[in-house]
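See structure below.
What follows is the structure, encoded as structure tokens:
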């Protein structure tokens, strides 16, 4: 396809393929980190697996299908259950179908990787016993394949409108998941006062940073793990490729590259909303976040990111595409 204006259905497929692939990468990292965290934590700890269901927003759906919140049930639900639209299997199925719909836009190498990941998860699903014997190996292989996909995409994709829609979808998804992980983990993993400053607290904060691939860079920049630094690093630090500010800045550039609108102006509601959000983050401080309340701040940011997604759907896809998927 030439680098002209994309058909709305093509743009939408690229956007959602990118969001679903990013969702897979976030989910597999959470599952891997949580598995190792549970090996380190004492058995008396609160069920850490429940936190994953809150991160994805699927706790009520899980409880309607499963009786107990335990490692095996949560892994099944988050990895293979097609009734869960955010499971890895469901997301890879959706990414594959969106990629199939635009085979003339995605490169052959990209298609082959998405298809092979889908077939791999499908094969593991039919051999659940083998999966539960060594989930670590499975999750690491999926994570490596997703990162391989990103590398192939970066090396082979044409930098036209399809690329910008791809960047837009990925960065909005990444920003959303970073905010949800911080919100849920900060609340559910916050230790009691008797555990502050202990090895247990260090394990919990480190696990949260590993959930967003940020532990080693954080320590290099901030030193010992502490809550204030985590808030700044995951929300405001432009040098962190998973911070909200960084992701939304890249998304804003992609959105304006699609229309050719220069920075500092807007031609549609999506550009206006995303531009305002980026400007607010540019001047937001950790002290202001703490005064407002971390949960309240993150809740407001998530609402505004959903509004950006709705505006993108109404501007570039169709009026019925604005619902969160």
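In our numbering, the protein residues as written are 25 to 349. Here a beta-carbon is modelled for each residue, glycine too, at the ideal position from N, C-alpha and C.
Integer Cβ distance of residue i from residue j, believed to fall under 8 Å
i           : j           : result
residue 61  : residue 251 : About 18 Å; that fails the 8 Å criterion.
residue 117 : residue 55  : Actually they do not touch by this definition, with Cβ atoms about 18 Å apart.
residue 267 : residue 261 : 5 Å
residue 185 : residue 282 : 6 Å
residue 233 : residue 254 : 7 Å
C-beta contact flag for residue i and residue j at 7 Å
i           : j           : result
residue 290 : residue 284 : no
residue 52  : residue 163 : yes
residue 40  : residue 122 : yes
residue 208 : residue 78  : yes
residue 37  : residue 125 : yes
residue 176 : residue 133 : yes
residue 191 : residue 278 : yes
residue 280 : residue 301 : no
residue 297 : residue 331 : yes
residue 35  : residue 189 : yes
residue 108 : residue 101 : yes
residue 32  : residue 341 : yes
residue 315 : residue 193 : no
Neighbourhood of residue i by C-beta, 7 Å cutoff - its chain only, sequence neighbours within 5 removed
i           : result
residue 139 : 120
residue 98  : 73, 76, 77
residue 159 : 59, 99
residue 274 : 191, 195
residue 155 : 148, 162
residue 322 : 203, 206, 207
residue 339 : 292, 293, 294
residue 179 : none
Proximity to residue i [Cα-Cα], best of the options
i           : options            : result
residue 172 : 135, 160, 205      : 135
residue 198 : 236, 228, 184      : 236
residue 131 : 183, 271, 82, 57   : 183
residue 202 : 35, 46, 337        : 46
residue 204 : 324, 137, 264, 42  : 324
residue 307 : 100, 335, 259, 243 : 259
residue 157 : 234, 87, 59        : 59
residue 210 : 341, 244, 317      : 317
residue 146 : 166, 320, 314      : 166
residue 30  : 87, 129, 105, 43   : 129
Close-in-space but distant-in-sequence residues of the same chain around residue i (CB under 8 Å, 5 per side omitted)
i           : result
residue 218 : Per-residue confidence for residue 218 stands at a pLDDT of 40, beneath the threshold of 50, marking its modelled position as unreliable; the derived number appears in the next sentence. The answer is none, since no qualifying residue turns up.
residue 143 : none
residue 313 : 255, 259, 321
Residues near residue i by beta carbon distance below 6 Å, same chain, minus five either side
i           : result
residue 271 : 195, 198, 199
residue 23  : Nothing in the structure corresponds to residue 23, since the chain is present only between 25 and 349.
residue 80  : 110
Okay, do the region 89-96 and the region 71-78 touch, 3+ Cβ pairs below 8 Å being the bar? Contact holds: three or more Cβ-Cβ distances are below 8 Å.
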